[in-house]
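To keep things clear, I will list the structure first and then write my remarks on it.
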Amino acid sequence: MSVPTRLSTASGLHLQRLRPAPEGGEALVVVEFLGVEGGGTLAGDLAAGTAHLGVYRLDPVSGMAGSADRSLPGIQALAGDYAATLASAGAGVFKVIGYCGGAALTTAIVSELARLGADVRWCVLLAPGFPGAAEVQAEFDMMLANVDGTEGFVLPLETASADAVQAAAMARLDAGLADLVGGLGLEGDEAEVFMTDLSDRYRAWLGFLLMSASADPSTGSRCRTIEISPPGHVAGGGPERELVPWPGAAAGPDLLTDPLLVGYLARMAAT
């Protein structure tokens, strides 16, 4: 496999090209959704089993965390930015996979690729989620608990803009992060870097959730769409799609890293 290359979008976000697509050939796009902690191996695992495909990986949380632009452009604008870069990479056919809370962005990218004239053969959504206000509040509660163990800070999700909600949330989180850094005994540049890195990632994670919660889940992906989920998983919205129950997996990292599922997806992508 070739050395991964970082591609920049027009707005300064980035995506990884794990292997370039042949000119006019097929490309697999994997939308990872890695949250605050980072990590994840799905795109790399799939690249190992799909030698004739170009493979492109994007993680909007990491991309937004590393961007100088702190605005929340919305899922459609974000999708347009990524799709324009993908469409200019030389591939003629796209197959797209998205995970969990990245479902809204995944389907929007598919629609934008189609609008740009690309041939999108199919879209696979792995345990897709379309967050609402309750899910955003729950994720924020988890963030705050991770930072300083507190709870009870209610976000003004129903009364304020996404930018205003993000600003209020980050003011509270940054206060907790400052106490956390102080308790670790870090000083000077080390403390500043640690604080900035954590704050940027929390800001991006929360911002992406807020944009996803504002997206319209009824907009279809304009191609064959398959959902692969644990039995009983409820996606909470989105287009009509084929459902493939995946037995014995939890709706979390266990599904994402299941070697049987990775093999199943690699065979799908290779045909």
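Take -2 as the starting number for the sequence shown in our numbering and just add one per residue.
Ideal placement from N, C-alpha and C gives every residue a C-beta, glycine not left out.
Could you compute how far the alpha carbon of residue i sits from the alpha carbon of residue j?
i	j	result
E34	V28	Its pLDDT being 48, under 50, E34 is placed unreliably in this model, and the coordinates cannot settle the point.
R169	M140	11 Å
V58	S8	15 Å
A110	L258	It should be noted that the sequence gives Leu, not Ala, for residue 110. Cα-Cα distance, rounded: 26 Å.
G146	L75	33 Å
E184	D171	17 Å
Q134	V151	7 Å
A62	A24	26 Å
L102	V178	33 Å
S226	A48	26 Å
A131	A212	15 Å
E189	E136	25 Å
P244	A44	24 Å
M265	G149	45 Å
S64	L252	29 Å
Tell me which residues share the same chain as residue i and place their Cβ nearer than 7 Å to its Cβ, disregarding the 5 neighbours each side in the sequence.
i	result
L174	V144, M192, L195, S196
R3	H11, Q13
A115	A84, F91
D176	D145
Buried or exposed for residue i, please, with buried defined as at least 16 other CB atoms from any protein chain shown within 10 angstroms of its CB.
i	result
E224	buried
D42	buried
P256	exposed
A100	buried
G204	buried
V26	buried
L181	exposed
T268	exposed
G77	buried
T104	buried
T82	buried
G60	buried
Please list, in chain order, all residues of the same chain as residue i whose beta carbon is under 8 Å from its beta carbon, the five residues on each side excluded.
i	result
L153	It is worth fixing the name first, because residue 153 is Pro in this sequence and not Leu. Correct list, in chain order: A161, V162, A165.
D66	S8, G9
Counting only the same chain and skipping the five closest in sequence on each side, list residues whose C-beta sits under 6 Å from that of residue i.
i	result
V117	F91, V107, L110, A111, C220
G269	This structure cannot settle anything about residue 269, because the visible part of the chain is limited to -2 through 268.
P242	P228
L240	E224
F269	Because the chain in this structure spans residues -2 to 268, residue 269 falls outside the shown range and cannot be described.
Flag residue i as yes if its beta-carbon sits less than 9 Å from any beta-carbon of chain D, otherwise no.
i	result
L207	The displayed structure is made up of one protein chain only, and chain D is not part of it.
List the whole-angstrom C-beta distance separating residue i from residue j, where the pair is believed to meet the contact cut-off of C-beta under 8 Å.
i	j	result
I72	S158	Incorrect: roughly 15 Å between the Cβ atoms, too far for contact.
L69	L207	6 Å
T6	Y79	6 Å
A271	G87	This structure gives no information on residue 271, because the portion of the chain shown stretches from -2 to 268.
T222	R198	Between R198 and T222 the Cβ distance is about 30 Å, and since that is not below 8 Å, they are no contact.
G21	G129	G21 to G129, Cβ: 41 Å. No contact.
The region 111 to 126 / the region 91 to 101 touching (three or more Cβ pairs under 8 Å): Using a Cβ-Cβ distance cut-off of 8 Å, the region 111 to 126 and the region 91 to 101 are in contact, since at least three pairs of beta carbons, one from each stretch, lie closer than that value.
At least 3 beta-carbon pairs within less than 8 Å: the region 9 to 26 vs the region 38 to 53: Judged by Cβ distances under 8 Å, the region 9 to 26 makes contact with the region 38 to 53, as three or more pairs qualify.
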